[in-house]
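One point on numbering: in UniProt numbering, the residue at position 413 of the sequence shown is 413, and numbering is uninterrupted.
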Amino acid sequence: MAAPVTAELLFPVTVTPAIRLDYVLQHFQQAYEPVPLVAIGYEPTEAAVTVAEGAGRFFTETAPCPAAPNWREWQGQRVPFFFDDNPEGELLTLTPGQARINTDVVAAAFYLLSGWQEYFSAVRDRHGRFPYAASVQKQYEFVAVPVVNYYFDVLKAAIEHVSGVPLQPRRWSGAPFAAFISHDIDSLHGGWGTAARYQLRHFRLGGFAKLLARKAIGQPAPWNNLEHVQQATTRLGAPSTFFILGDNRPAPNGTLNADYAVNTAAFRARLGRLAAQGTEIASHGSYGTATDAGKLRAEIHGLEPAAARGNRFHYLCWEPTRTPTTLAQAGVAYDSTLGFAEHFGFRNSYCRPFFPFDFARGRAHDFLEIPLNVMDATLHHPEYLQLRGEEVLPALRPMLVEIERFGGVATVLWHNNNFDPANELNGPRQFTELLNYLRQQGAAFRTGSQIVAELCPRGKDHRAD
1 MAAPVTAELL FPVTVTPAIR LDYVLQHFQQ AYEPVPLVAI GYEPTEAAVT
51 VAEGAGRFFT ETAPCPAAPN WREWQGQRVP FFFDDNPEGE LLTLTPGQAR
101 INTDVVAAAF YLLSGWQEYF SAVRDRHGRF PYAASVQKQY EFVAVPVVNY
151 YFDVLKAAIE HVSGVPLQPR RWSGAPFAAF ISHDIDSLHG GWGTAARYQL
201 RHFRLGGFAK LLARKAIGQP APWNNLEHVQ QATTRLGAPS TFFILGDNRP
251 APNGTLNADY AVNTAAFRAR LGRLAAQGTE IASHGSYGTA TDAGKLRAEI
301 HGLEPAAARG NRFHYLCWEP TRTPTTLAQA GVAYDSTLGF AEHFGFRNSY
351 CRPFFPFDFA RGRAHDFLEI PLNVMDATLH HPEYLQLRGE EVLPALRPML
401 VEIERFGGVA TVLWHNNNFD PANELNGPRQ FTELLNYLRQ QGAAFRTGSQ
451 IVAELCPRGK DHRAD
């Protein structure tokens, strides 16, 4: 467990109501189109849309969690509203030319989207991560509901009332939502034992003998399958992103990184061929780089000539007080680490990409976070969920429906080793079922860089005017 945080160390900027409003509206404006010019503010103001201020002194202190939320029904969904000082009153009051939101949806959206709870919590797991068990998502059981998107939907209703302009979720070249399919490449030289057990379990003695012969003559291991993974996703209509580990040395604490080396001409040429066929190559920051910008930069540069614009940290490591600044200093265009390892869903309770909050400067960072929604290891692991193969898609479907509803991005991580047919729990069959569902629902498949290009064209400043 990490040492307790202190206001002096971690809280150089007071997060005022104006800062919260600016950060929230920046993301609201990115989520909908068209957004008319409507004055929005806390009471008392002359704004057309007013919001009841309910946060009090919470954001001037360092408590990780506010009081328990009040649960309200909105658009058929039971939604937790934090900073709700009028739990018995109506949520939205509409009068001619005016709208009043009677709970502080701005403070609540800022609290979840900024990651305030983990920034000011001292709880960490053995990998230095903020654990799902310590989260408000776990405490109040809403991890698979994009609560911030529902807060935005309340704000949307208020703006539509005063402006007369209907707002629609921003689409992906006409598609209702997007899907970001990715693969963390941790191991290329493993899988012999898994494949052998599979052959014996199915009484395939001929296959077992061929496997032994392959290993004896030095053929590639079953998990040395990057081209196979690329072909599998391409057949399903999805360009994918490979996150490549830049270090094959164990971390100082003994945690393994890659079992392959990126600094060989043969491997770099292999990455080049994959990239030429439409696969995006990104950085899988090795263990420890989540707080080491210099090492992360070196690993990104080590992937050249494949131009890696994105990153996801090994073991989903993320130290809230340091990692966003590390990523900014490393110069990434996007990151895709923020998901809970223990459960699928929405770590920041938001189903669209967002700009992490910079607590030191009181504004958004310049890199995009494409949050991770589901990882194969989460679905079946002794320490996480233990779903059977046939349970995977039914378990994920309600979350995916929410993403589609709000025009979000379904971010999927499926490790290359889980494309082994020996895996019948979170393996190639479950991956295929998931992608077929996304395709049937009309998802636009995008790489991380393509998502950045659509949301931030030509490097346009993402901050609100």
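No residue lacks a Cβ here, since even glycine has one placed at the ideal position from N, Cα and C.
Legend entry - Reduced DSSP secondary structure (H/G/I, E/B, other) of Q29: The residue you call residue 29 lines up with position 29 of the sequence shown. Here Q29 sits in helix by DSSP.
field: Under the three-state DSSP convention, the category S163 falls into
entry: Residue numbering aside, residue 163 sits at position 163 when the sequence shown is read from its first letter. DSSP places S163 in helix when its eight states are reduced to three.
Exercise for review: For L188, name the three-state secondary structure that DSSP assigns.
Suggested key: Taking the first residue of the sequence shown as 1, we reach residue 188 at position 188. Reduced to three states, the DSSP call for L188 is coil.
**Q.** Backbone CA spacing between N311 and E342 [nearest angstrom]
**A.** As a working note, residue 311 is residue 311 in the sequence shown. As a working note, residue 342 is residue 342 in the sequence shown. Straight-line Cα distance between these residues: approximately 20 Å.
Start and end of the alpha helix (DSSP H) containing F346? Here residue 346 refers to the residue found at position 346 of the sequence shown. Careful: F346 lies outside any alpha helix (DSSP H) and carries neither H nor E.
### Message
Beta-carbon within less than 6 Å of F58's beta-carbon, same chain only, minus the 5 sequence neighbours each way: which residues are those?
### Response
As a position in the sequence shown, residue 58 is number 58, starting the count at 1. Cβ neighbours of F58 beyond the five flanking positions: P66.
Do three or more CB pairs link the stretch 171-180 to the stretch 403-410 at distances below 8 Å? yes
Determine the extent of the beta strand (DSSP E) in which Q77 is found, giving its start and end residues.
-> Along the sequence shown, read from residue 1 onward, the residue named residue 77 stands at position 77. First-last of the beta strand (DSSP E) with Q77: 77-81.
Review point. Any idea which residues DSSP pairs Y334 with across the strands?
Key: Here residue 334 corresponds to residue number 334 of the sequence shown, with the count starting at 1. Y334 is bridged to G310, L368.
Check your understanding: Which residues mark the beginning and the end of the alpha helix (DSSP H) in which R397 is found?
Key -> As a first step, residue 397 is located in the sequence shown; it is residue number 397 there, counting from the start. Note, R397: alpha helix (DSSP H), 392-405.
*Are H373 and G115 closer than 8 Å when you measure CB to CB?*
As a working note, residue 373 is residue 373 in the sequence shown. As a working note, residue 115 is residue 115 in the sequence shown. Correcting the residue type first, residue 373 is Asn in the shown sequence and not His. Result no, Cβ atoms of N373 and G115 do not sit closer than 8 Å.
Express the C-alpha separation of L455 and F367 in angstroms, rounding to a whole number.
As a position in the sequence shown, residue 367 is number 367, starting the count at 1. As a position in the sequence shown, residue 455 is number 455, starting the count at 1. So the two alpha carbons sit approximately 11 Å from each other.
| request: Let me know the secondary structure DSSP gives N86 once reduced to three states. | output: Taking the first residue of the sequence shown as 1, we reach residue 86 at position 86. Coil, per DSSP.
Looking only at its own chain, which residues have a Cβ that is under 6 Å from the Cβ of L271, when we skip the five neighbours before and after it? The residue given as residue 271 occupies position 271 in the sequence shown. These residues qualify, in order along the chain: I281, A306.
- Query: Are the stretch 144-151 and the stretch 61-79 touching, with three or more C-beta to C-beta distances below 8 Å?
  - Reply: By the Cβ rule, the stretch 144-151 counts as touching the stretch 61-79, because three or more pairs are nearer than 8 Å.
Quick check on the DSSP output: the beta strand (DSSP E) that includes G287 runs from which residue to which?
Counted from its first residue, the sequence shown places residue 287 at position 287. According to the sequence shown, residue 287 is Tyr rather than Gly. Where Y287 is concerned, there is no enclosing beta strand (DSSP E), given that its DSSP letter is neither H nor E.
- Message: Starting from Q98, trace the beta strand (DSSP E) in both directions and tell me its first and last residue.
- Response: For the purposes of this step, residue 98 is taken as residue 98 along the sequence shown, with counting starting at 1. Segment 98-101, the beta strand (DSSP E) holding Q98.
With DSSP as the reference, please indicate the residues paired to A175 in a beta bridge. Working through the sequence shown from its first residue, we reach residue 175 at position 175. A175 pairs with W172.
Taking C-alpha atoms, which residue in A175, R309, A290, F152 lies nearest to W74? Taking the sequence shown and counting its residues from 1, the one referred to as residue 74 is at position 74. Ranking the options by Cα distance to W74, first place goes to F152.
Would you say D104 and E53 are within 8 Å of each other, going by their C-beta atoms? Start at 1 with the first residue of the sequence shown, and residue 104 comes out as number 104. Start at 1 with the first residue of the sequence shown, and residue 53 comes out as number 53. Yes, the Cβ-Cβ distance between D104 and E53 is below 8 Å.
request  = Determine the DSSP secondary structure at E61, reduced to helix, strand or coil.
outcome  = As a first step, residue 61 is located in the sequence shown; it is residue number 61 there, counting from the start. Coil at E61, not helix or strand.
* Asked: Using DSSP with H/G/I as helix, E/B as strand and the rest coil, what is W71?
  -> Along the sequence shown, read from residue 1 onward, the residue named residue 71 stands at position 71. Three-state DSSP puts W71 in a strand.
Using only CA atoms, which one of V452, T16, A422 lies nearest to P222?
The count along the sequence shown starts at 1 and reaches residue 222 at position 222. Closest option to P222, Cα to Cα, is A422.
Under 8 Å between C-beta atoms of F242 and H183
On the sequence shown, residue 242 is found 242 positions in, with the first residue counted as 1. On the sequence shown, residue 183 is found 183 positions in, with the first residue counted as 1. The answer is yes: Cβ separation under 8 Å.
- Pick helix, strand or coil for Q117, following the three-state DSSP scheme. Here residue 117 refers to the residue found at position 117 when the sequence shown is read from its first residue. Note: Q117 maps to helix in three-state DSSP.
Exercise for the section: At 3 residues or longer, and completely inside the stretch 215-288: list those beta strand (DSSP E) runs for me, N to C. Expected result: Within the stretch 215-288, the complete beta strand (DSSP E) segments at least 3 residues long are 240-245, 280-284, listed from N- to C-terminus.
ask   = If you compare alpha carbons, which of V51, Q137, L245, A377 is closest to L17?
value = Residue numbering aside, residue 17 sits at position 17 when the sequence shown is read from its first letter. Correcting the residue identity first, residue 17 is Pro in this sequence and not Leu. Checking every option, the nearest Cα to that of P17 belongs to V51.
TODO: Evaluate H284 with the Cβ neighbour count: other Cβ atoms within 10 Å of its Cβ, from every protein chain shown; 16 or more gives buried, anything less gives exposed.
DONE: Position 284 of the sequence shown, counted from the start, is the residue given in the question as residue 284. That one is buried.
(Q) Quick check on P320: buried or exposed, where buried means 16 or more other Cβ atoms within 10 Å of its Cβ? (A) Here residue 320 refers to the residue found at position 320 of the sequence shown. Buried.
key: Stretch pair the stretch 348-364 + the stretch 374-386: three plus CB contacts closer than 8 Å   = no
Q.
DSSP three-state label for F142, please.
A. Along the sequence shown, read from residue 1 onward, the residue named residue 142 stands at position 142. Coil.
With Y437 as the anchor, note down where its beta strand (DSSP E) starts and where it stops.
-> Along the sequence shown, one-based indexing puts residue 437 at 437. Premise fails: Y437 lies in the alpha helix (DSSP H), 428-440, not in any beta strand (DSSP E).
Open item on the list: Considering just the uninterrupted stretch of the beta strand (DSSP E) at A410, what are its terminal residues?
Closed with: For the purposes of this step, residue 410 is taken as residue 410 along the sequence shown, with counting starting at 1. Looking at the DSSP string, the run of the beta strand (DSSP E) that includes A410 is 409-413.
**Prompt:** Under 8 Å between the Cβ atoms of E369 and L338?
**Reply:** As a first step, residue 369 is located in the sequence shown; it is residue number 369 there, counting from the start. As a first step, residue 338 is located in the sequence shown; it is residue number 338 there, counting from the start. Contact: yes.
Around the C-beta of L379, are 16 or more other C-beta atoms found within 10 angstroms, so that it is buried, or is it exposed?
Walking along the sequence shown from the start, residue 379 turns up at place 379. The residue is buried, with at least 16 neighbouring Cβ atoms inside 10 Å.
Quick one: what's Q386 bridged to in DSSP?
For the purposes of this step, residue 386 is taken as the residue at position 386 of the sequence shown. In the DSSP output, where bridge partners are listed per residue, Q386 has H380.
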